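This report refers to the structure that appears directly beneath it.
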DNA sequence: GAGTGGTCTAGACCACTAC
DNA sequence: TAGTGGTCTAGACCACTCG
């Protein structure tokens, strides 16, 4: 037998999910499951081309993405290696909506529902290490995957980290108006929500990390 | 005269500096000097190929790099736009805390302050396209850069997208206990916060989306 | 339909690292 | 010298946006 090529599976050319992305998921899984351990030399570009039946450009597109995520390290003339374990800090709590959605082959999008500045409440201030009353920026975003709403997210951050915000020009862009009734309602409910959650404390226990989570954005 | 090609400068093929990098510096300068202002449509890929005498691959390599630095925003079918000031990008659309912090040479970390499931309030349900009362997962995270608290973030997402969450293993990760007193306080304050924000409605007016807004990280 | 960016191919030559 | 990743070309087809 002349050739016996080791293949780890073919990529689906008809899929709406790009090949480089399919390949990325495959390689990522090998890394995350430990099949490829940190420090391991992974197959070279030509090898991957053969194994998965794609061009070198596609392999390189995959690799570039994995590098940017910090999963692999490349060295000219030597090869491509699995990167060391991420700092534990990064493992817990980081969740990239975009990454996660794209990994599923969907298209992520964000809508800003509201944003503004306000004085930090005592609770927010203490969490952020500010004096109560210091100004914070808030932002509420709706995140969608393939136009389906997936996540509602509100963030606060100290205004002092947002220098220059007031220099933004608006050039006639529509001003979204959400401040008002909606928020009173939402926050009232949110409060009830949290109170209910306390009662359901056991439920909180099954949560720690997020669905697809270990995730580096 | 047969040809008169508009060029903004030729790239040096003999240079040890790659063409895509030379081109990147050129485009970067146009953006940073304001020759291309935020929101401006910049030349298309074929145009840049002609202008600088390089292949589309090289132009795209340049573009990818500028995108990853947040200097431009691309939209299929529409074109490539100059991104707004940094701060804006951070607040609008997709924002990767981790990337941003790392870009600044700091170490990102997240703390989960709370999470759980609860029934969706009317407001949350409507935003997420759920029926009121459908179950949602909530998560509150504190994000830090070099141990300095930078952002407080709360997210809601439909429980139905979190299948299998209960199969997560915790492997000794600490379970943070925050449900309780703290949250009543925080939410009460938060409500005051938003009410204050309403009073300061004019402040909200300086913010909204901006040019290239549908931003992909 | 024309123009844009997104994906992909099959080559090529180079600089670097190892043997 | 052989193998690796880094750069680059000249095509191709597609999905999307807009008039």
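Chains as they are written, first to last, in our numbering: chain E, 1 to 217; chain R, 1001 to 1217.
The C-beta atom is built at its ideal place from N, Cα and C for all residues, glycine as well.
Nothing here was measured: the structure is a model prediction, and the numbers come from that model.
Which chain E residues sit within Cβ distance under 8 Å of residue i?
i: residue 1068 of chain R; result: 68
For residue i, which residues in the same chain have their Cβ closer than 7 Å to its Cβ, ignoring the five residues on either side in sequence?
i: residue 45 of chain E; result: 56, 59, 60
i: residue 1036 of chain R; result: 1030, 1042, 1082
i: residue 1131 of chain R; result: 1125
i: residue 1040 of chain R; result: 1081, 1082
Counting only Cβ pairs nearer than 9 Å, list the residues of chain R close to residue i.
i: residue 58 of chain E; result: By Cβ distance, chain R contributes nothing, its closest Cβ being about 13 Å from residue 58 of chain E, past 9 Å.
Run down chain R in chain order and give the residues with a C-beta less than 8 Å from the C-beta of residue i.
i: residue 154 of chain E; result: 1153, 1154, 1155
DSSP beta-bridge partners for residue i?
i: residue 1079 of chain R; result: R/1075
i: residue 1042 of chain R; result: R/1080
Below 6 Å CB to CB, which residues in the same chain sit around residue i once its five sequence neighbours on both sides are set aside?
i: residue 1062 of chain R; result: 1020, 1023, 1024
i: residue 27 of chain E; result: none
i: residue 48 of chain E; result: 59
i: residue 73 of chain E; result: 81, 83
i: residue 1013 of chain R; result: none
i: residue 1191 of chain R; result: At residue 1191 of chain R the pLDDT is 26, less than 50, meaning the model places this residue with poor confidence; the figure from the coordinates comes in the next sentence. Closer than 6 Å at the Cβ level, and outside the excluded window around residue 1191 of chain R, lies no residue.
i: residue 1065 of chain R; result: 1024
i: residue 78 of chain E; result: none
i: residue 34 of chain E; result: none
i: residue 129 of chain E; result: none
Got a sec? Which residues, its chain only, sit under 8 Å from residue i by beta carbon, not counting five neighbours each side?
i: residue 1170 of chain R; result: Annotation note: pLDDT 23 at residue 1170 of chain R (below 50); position unreliable, coordinate value reported separately. Same-chain partners within the cutoff: there are none.
i: residue 1015 of chain R; result: 1022
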